[in-house]
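In order, the protein sequence lines correspond to chains X and B.
If you read the first sequence in numbering that gives the first Met the number 0, its first letter stands for residue 0, the second for the next number, and so on.
If you read the second sequence in numbering that gives the first Met the number 0, its first letter stands for residue 0, the second for the next number, and so on.
One structure is given below, encoded as C-alpha cells.
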Amino acid sequence: MSAPPPSEPAGSEARSYEGSGRFLTRFEIDRRPIGVVLLDRLWKQLVLAALLGAFAVAVGLEPPAGLTPAGWKSLCIFALSAVLWATALLPLAITSLLAMSLVPLLGIMPASKAYGFFGSKVVFFMLGALMLSAAMIRSGLSTRLATAVVRRFGATPRRLVMAIFLLCAGGSMLMNEHAVAVMVLPIVVDTARALNLQPLRSPLGRALCFALAWGCIIGGSLTVLGGSRGPLAIGILEEATHGATTISFVDYIVFGAPMVLLMLVAGALLLRFRFTPEVTDTAEAVATLERRAKQLGKLSARELVVALIMTATVLSWAFVGDAVGLDTIAIFAMAALFALRAVSWAEVESEVSWGVVLMYGGAISLSAAMSETGAALWLAEHVFSGAAGSPTALLIVVALLSALLTEFMSNAAVVAMLLPPVFSIAAGWGVDLRAATMAVVLPSNFAFMMPIATPATALAWSAGYYTPREVAKNGFAMNLAGFASVLLLVLGWWPLIGIL
Amino acid sequence: MSVVDHVLKNPGLLKLELMRRGLRVAAEDLEAVRRSGADASGHAVFGNTWDLDVVLPRDTWASVPVHPRLAARSPYLLVRDGAGHHHVTTEAPDAPRTPVTVKPPARFFEHTTSEGIPFGRIGTVHGPYLALSPTNRCAFLDGPDRCRFCGVAPAGAHDALPVADVIEAVRVARGEHAVNMVHLSVGWLGGDDGGVALLEPYVAALKKHFDILVAIDTLPPRADAWIDRTYAMGADAVSYNLEIWDPARFERVCPGPARSLGRERFLDALGYATTVFPSGGVLCHLIVGLEPLASTRAGMTALAEAGVVPVLPVYRPFKGRDMRADGDIERFPPTLEELSELYRDLWSLVRRHKLGVHLVRDLATVTTPLEGRFFAGHDGLLRRIGHRLAGSRLGRRTSARLSDLRRALRVREVGAVER
Numbered sequence: 000m001s002a003p004p005p006s007e008p009a010g011s012e013a014r015s016y017e018g019s020g021r022f023l024t025r026f027e028i029d030r031r032p033i034g035v036v037l038l039d040r041l042w043k044q045l046v047l048a049a050l051l052g053a054f055a056v057a058v059g060l061e062p063p064a065g066l067t068p069a070g071w072k073s074l075c076i077f078a079l080s081a082v083l084w085a086t087a088l089l090p091l092a093i094t095s096l097l098a099m100s101l102v103p104l105l106g107i108m109p110a111s112k113a114y115g116f117f118g119s120k121v122v123f124f125m126l127g128a129l130m131l132s133a134a135m136i137r138s139g140l141s142t143r144l145a146t147a148v149v150r151r152f153g154a155t156p157r158r159l160v161m162a163i164f165l166l167c168a169g170g171s172m173l174m175n176e177h178a179v180a181v182m183v184l185p186i187v188v189d190t191a192r193a194l195n196l197q198p199l200r201s202p203l204g205r206a207l208c209f210a211l212a213w214g215c216i217i218g219g220s221l222t223v224l225g226g227s228r229g230p231l232a233i234g235i236l237e238e239a240t241h242g243a244t245t246i247s248f249v250d251y252i253v254f255g256a257p258m259v260l261l262m263l264v265a266g267a268l269l270l271r272f273r274f275t276p277e278v279t280d281t282a283e284a285v286a287t288l289e290r291r292a293k294q295l296g297k298l299s300a301r302e303l304v305v306a307l308i309m310t311a312t313v314l315s316w317a318f319v320g321d322a323v324g325l326d327t328i329a330i331f332a333m334a335a336l337f338a339l340r341a342v343s344w345a346e347v348e349s350e351v352s353w354g355v356v357l358m359y360g361g362a363i364s365l366s367a368a369m370s371e372t373g374a375a376l377w378l379a380e381h382v383f384s385g386a387a388g389s390p391t392a393l394l395i396v397v398a399l400l401s402a403l404l405t406e407f408m409s410n411a412a413v414v415a416m417l418l419p420p421v422f423s424i425a426a427g428w429g430v431d432l433r434a435a436t437m438a439v440v441l442p443s444n445f446a447f448m449m450p451i452a453t454p455a456t457a458l459a460w461s462a463g464y465y466t467p468r469e470v471a472k473n474g475f476a477m478n479l480a481g482f483a484s485v486l487l488l489v490l491g492w493w494p495l496i497g498i499l
Numbered sequence: 000m001s002v003v004d005h006v007l008k009n010p011g012l013l014k015l016e017l018m019r020r021g022l023r024v025a026a027e028d029l030e031a032v033r034r035s036g037a038d039a040s041g042h043a044v045f046g047n048t049w050d051l052d053v054v055l056p057r058d059t060w061a062s063v064p065v066h067p068r069l070a071a072r073s074p075y076l077l078v079r080d081g082a083g084h085h086h087v088t089t090e091a092p093d094a095p096r097t098p099v100t101v102k103p104p105a106r107f108f109e110h111t112t113s114e115g116i117p118f119g120r121i122g123t124v125h126g127p128y129l130a131l132s133p134t135n136r137c138a139f140l141d142g143p144d145r146c147r148f149c150g151v152a153p154a155g156a157h158d159a160l161p162v163a164d165v166i167e168a169v170r171v172a173r174g175e176h177a178v179n180m181v182h183l184s185v186g187w188l189g190g191d192d193g194g195v196a197l198l199e200p201y202v203a204a205l206k207k208h209f210d211i212l213v214a215i216d217t218l219p220p221r222a223d224a225w226i227d228r229t230y231a232m233g234a235d236a237v238s239y240n241l242e243i244w245d246p247a248r249f250e251r252v253c254p255g256p257a258r259s260l261g262r263e264r265f266l267d268a269l270g271y272a273t274t275v276f277p278s279g280g281v282l283c284h285l286i287v288g289l290e291p292l293a294s295t296r297a298g299m300t301a302l303a304e305a306g307v308v309p310v311l312p313v314y315r316p317f318k319g320r321d322m323r324a325d326g327d328i329e330r331f332p333p334t335l336e337e338l339s340e341l342y343r344d345l346w347s348l349v350r351r352h353k354l355g356v357h358l359v360r361d362l363a364t365v366t367t368p369l370e371g372r373f374f375a376g377h378d379g380l381l382r383r384i385g386h387r388l389a390g391s392r393l394g395r396r397t398s399a400r401l402s403d404l405r406r407a408l409r410v411r412e413v414g415a416v417e418r
C-alpha cells in the first residue's frame, strides 16, 4: 500500500463557484501534525489574547513616578496599539478604533471628547484624496498617462526601467503612492509578459518591479499628496500646537526636496548598475502597450473632466492650500467630480480604502490622549533624552528609529506613534517642531526592505520577479541611501533654510 | 459453563452468534417485522429485509436476521417474561436469559420521498445507524460485472434524489434515534471521481443542517485529488470496500471493480486517504465467509498496518443473491471459535496501531472491531467509561464538532481553476 509523500501537493478540482460553472475550487490539505497546524492557524489569536491579558494587568498597576494614572493608561493603550500596528494582529483601522474607544472606557477623557478628535480635517483631506485617486483610476486616465509615458520613453530596456521609475515617482508626487502602484503594476506585468521575462530569474523583471516600488516610495515623499503619513503628521503637529504651527503644501516640498532628489539619483544608479537586462529589444513590449493604448480609445469626456478637476485641485493645494485648507479643497474637488458625473458612488465605494480613513481618526485620538495626559512627554523624556545629546542628534536618532520601525509598521502608524513623544522632547530642546515632524515623517516612508512594509513594495513583490530576500538585500541599499539623505537634511539643508 | 451460556453472557459473542446464526422469534414479532419493517416498504438496498433490531447489553446494537429459513436452526430464542420484557435464551431448561431491548421497526420506513419513493429504498435505519444512497444506480448492476454478493435489484434503481429528500430522511431518522453518523453510499457511475461530485451537495447540506458525522461509501476515485475533495467537502470518514482480500477471488466475486479500477487502486486510494482523514476515518470492509479466513486475516493485518480500519461483516445471503451454494464458499458460516479469534485479533490490531473506532460505533448491521473488546480481555473500567461517554449524546455532538474543527484547520481553499 503506497502513501504519497507528505509534500505532494494535493489539489482537487470539482466544485464550481456559485453562479459560475466555469471555475472549480482547489483545495490543499495541511498534513502537518495537528498541534503544529493549530499553532500555525491560531498563533495570532493566542498572541492577541496574551497581549490583551498583559494590557489588562498593566492598566491595573501603579503608574511610574512622574506619570498620572490617566497618563499611564494612555501609555498602556499606546503600547498595545504599537504592538498591534507592528504585528498587524488586527487590521490597522480596527486597532485605531480600539485605541480610541479604550480612551473613554479607561476614564482618560470623556467619550464625546475622545471621539471628537476623529473629526480632524486630516481625515477629510484623506477622504478627498482617496476619492480623487479612485476617480483617476476608474476613469482610465491613470492608465492612459502611464501607458503614454512608457510608450514614449521605453525604447530600450534601461530606458523602460527608468520610465517606470520616474513615472511612479512623478505620479506619487501628485497622488497617493499606493494608487500609483496599483495603476502602474498592470503595465509592468504586461510589459514583462510581452518581453517573456522569467519570474524569479529575469534581472529586467526585477528591475522593473523595483523601479515601481522605489519610484512610488521616493516620489511619495516629496508632497503631502504621496501618502497618508504627511497629512497625518501635519494633523498631529497642529493638534499638539493647538493650530499655532503647521506645514504648508509648499513648505513640505521645500523641507524634503534635497532628500527626494538624492534618493532619485541613488535609485536610478542602483537600477542602472545592479540589474543588467537580459534582453536588448523592447519592440514586443512597445507593441503590447500600443494595443493597450488602442483599447483605451480617444480621450473620453469623463477622463477630461477628471483631468481638469485634478489639475485645478493640485494647483489649489499649492497656491491657496494654506488659506482655504487642503481638506476643504479636497472636499470641493470631490463634490465637483460627482456633480459632473465623473465618478459614481459605487466606484468610489469600491475603490477607496476606508480602513485608512478609520485608522487616521483613531490614531489622532490616541495621539491627543497621549499629549493631554502628559504621557507623550514622559515617554519622550525616557526614550530620547538618553540617546540624544543635542537637537541634531535627537533628530538623527528619531529619523533612524522611524526608518527602522516603518519596515514593520505602516508609515502612518509610525508617525502616529513617534510624533507625540518626539514633540514633547523636541520642545524641551527648543527644536522647531516642523523639523521634528519632517525628521519622523520622511524616513517613515523608507519601507524598502520588507514586502509587508508598504503597499507599493508588496504589490511589486506580488508580480513574482524576486524573493523577499532580494527585497531585503536591495532595499537595504536604498535604506542606506535614504538615511544618508536625511543626514544631509539635518546637518545641511534644514540649518540652511532656518528650521534647525 | 457451556459455550452457549458463555455466549449469552458476553454481548460481543452474542452479537457474533446472532448475526451468524440468526434468532428465532415468536410469530407475532416475526409478523411485525414483515408488516411494518423494511421488508414491507420494499427495502432492498442493504439486504437486511428480515432483520430485527435488538439492543444487547452494554448498548450493543445488532440487526439480527430472523427469517425462518436462516434462523430455523439457531439455538437462540427471543422470549418475553411476564412483565413483557424481552430476553435472549436457548431452549435448555437452565439456560441464562440475557435481557435485550427489541426495537420496533423504524417509522422511517413509513415515509416516502417527494417523488413517492419509499425511504426503505433509498436507505436503511437501524437504531442510530443510518445509511442512505442518493442514487442506487450502479453501472455494474446489469451484466456480468455485477458483484456476486450484491443485493440491489436493478429494476428498483432510482436517479439522484433531490437534496431536500435526503435531508428530510435524516430528519425523520433523527426524530427516532440519536443518529450521529450518516453513511452515504453510491455505486459505480463510470467517472474518475468515484461519485464524489454527485455526493458533494448532499454532504454539504447535511453538514449545514446537522451536527453530524458523514461517512462516504464509494468505489475509489481514479485520482487522489478527489480524495482530498471528499474530505474537504465535509466527509468525516470514507470507505473503499475491497470486500475480498485474495486477489484471484476478488476478481471473481467483484469483476466490475476489479476490471474498472483494479485491486491496486483500492489499496493506493486507501493508503492515500489515511494521509487525509483522521485516524479511524478510513475504512475497508472485508466480508467474512467469502474467502478463507486466513486470507481475511492477512487482509485485516495489512489494512490495519496501513492505518485503515478493517470492518469485517459476516456474509449474509441477500434476497436473490444467495452465495451459500456457490463454489466460492468453502465453509459457511465460520465457527464461533474462528470468528471470536478473528475479532479478538482485529481488536488487538486496532489497538496496536492506535486506530480510532468511534466512527464504527453503532453499526448494527455489521460486526465491527468494537465487538472484539468484549472478549479480548482489554475492556477495562476506564475504557468502558470512555466508550460510554463517547457514545452519549454530548459525546457524539462533540465528536462531530471536533471533526469539523479538524477540517477547518487542515483544509484550505487555494484558488480556482477553469473547468
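C-beta atoms are modelled at their ideal positions from N, C-alpha and C, and glycine is treated no differently.
- The stretch 156-172 of chain B makes contact with the stretch 123-132 of chain B, as at least three CB pairs between them are under 8 Å.
- Chain order gives the chain B residues near Val36/X as Leu408 and Arg409, where near means a beta carbon separation below 8 Å.
- If the five residues before and after Val185/B are omitted, its C-beta is found closer than 7 Å to the C-beta atoms of Ser132, Pro133, Thr134, Gly194, Leu197, Leu198 and Thr217, all from its own chain and listed in chain order.
- When DSSP states are grouped into helix, strand and coil, Leu441/X belongs to the coil group.
- By DSSP's assignment, Gly122/B forms a beta bridge with Leu131/B.
- In this structure Thr372/X is not in contact with Gly139/X, their Cβ atoms being roughly 49 Å apart against a cut-off of 8 Å.
- Following the DSSP letters along the chain, one finds Ile215/B inside the beta strand (DSSP E) bounded by residues Leu212 to Asp216.
- Contacts between Ile33/X and chain B, judged by CB atoms closer than 9 Å, involve Pro277, Arg405, Leu408 and Arg409 in chain order.
- Apart from the 5 residues on each side of it in sequence, Arg205/X sits with its Cβ closer than 6 Å to the Cβ of Phe274, Tyr464 and Tyr465 in its chain, given in chain order.
- For Thr97/B, the pairing in a beta bridge is given by DSSP as Val87/B.
- The shortest CA-to-CA distance from Leu83/X to any of Ala53/X, Leu66/X, Ser315/X and Lys112/X is the one to Ala53/X.
- Distance from the CA atom of Gly242/X to the CA atom of Leu196/X, rounded to whole angstroms, is 53 Å.
- Rounded to the nearest whole angstrom, the CA to CA distance from Gly153/X to Pro277/B is 57 Å.
- Under the three-state reduction of DSSP, Ile107/X is assigned to coil, being neither helix nor strand.
- Contact of Ala204/B with chain X is not assigned, every C-beta pair being separated by 8 Å or more.
- Gly219/X counts as buried, since no fewer than 16 other beta carbons sit within 10 angstroms of its beta carbon.
- Its chain contains Gly21, Trp49, Asp50, Ala70 and Arg315 as the residues whose beta carbon lies nearer than 7 Å to that of Pro64/B, once the 5 sequence neighbours on both sides are disregarded; these appear in chain order.
- Listed along chain X, no residue sits closer than 8 Å to Thr217/B by beta-carbon distance, the nearest being about 14 Å off.
- Nearest neighbour of Glu114/B by Cα position, chosen from Leu269/B, Trp187/B, Asp158/B and Leu260/B, turns out to be Asp158/B.
- Scanning chain B for C-beta atoms nearer than 9 Å to the C-beta of Asp29/X yields Leu408, Arg409, Val410 and Arg411, reported in chain order.
- The shortest C-alpha to C-alpha distance from Leu490/X to any of Ala398/X, Ala374/X and Gly118/X is the one to Ala398/X.
- Nearest to Ala64/X by alpha-carbon distance, out of Glu348/X, Pro442/X and Glu380/X, is Glu380/X.
- Only buried fits Asp223/B, as 16 or more other CB atoms lie within 10 angstroms of its CB.
- Following the DSSP letters along the chain, one finds Met448/X in no beta strand (DSSP E), marked with neither H nor E.
- Arg382/B places its beta carbon 8 Å or farther from that of Leu369/B.
- Considering only beta carbons, no part of the stretch 107-131 of chain B lies closer than 9 Å to chain X.
- Within the stretch 349-401 of chain B, the runs of alpha helix (DSSP H) at least 4 residues long that lie entirely inside it are, in chain order, 380-390.
- If the five residues before and after Met299/B are omitted, its C-beta is found closer than 7 Å to the C-beta atoms of Leu285, Pro309, Leu311, Leu345 and Leu348, all from its own chain and listed in chain order.
- At a cut-off of 8 Å between C-beta atoms, Thr134/B does not count as an interface residue with respect to chain X.
- Close CB contacts of Val6/B within its chain, under the 6 Å cut and outside five residues either way in sequence, are with Leu12, Leu13 and Glu16 (chain order).
- The beta-carbon of Arg273/X is placed no less than 8 Å from the nearest beta-carbon of chain B.
- Per the DSSP secondary-structure output, Ser352/X pairs with nothing in a beta bridge.
- Contact between Thr391/X and Phe445/X does not hold, since the beta-carbon distance rounds to 20 Å and is not under 8 Å.
- Distance from the CA of Thr222/X to the CA of Pro200/B, rounded to the nearest whole angstrom, comes to 55 Å.
- Interface criterion not met: the Cβ of Thr366/B is under 8 Å from no Cβ in chain X.
- Counting only runs of at least 3 residues, the stretch 242-324 of chain B fully encloses the following beta strand (DSSP E) elements, listed from N- to C-terminal order: 281-284 and 308-310.
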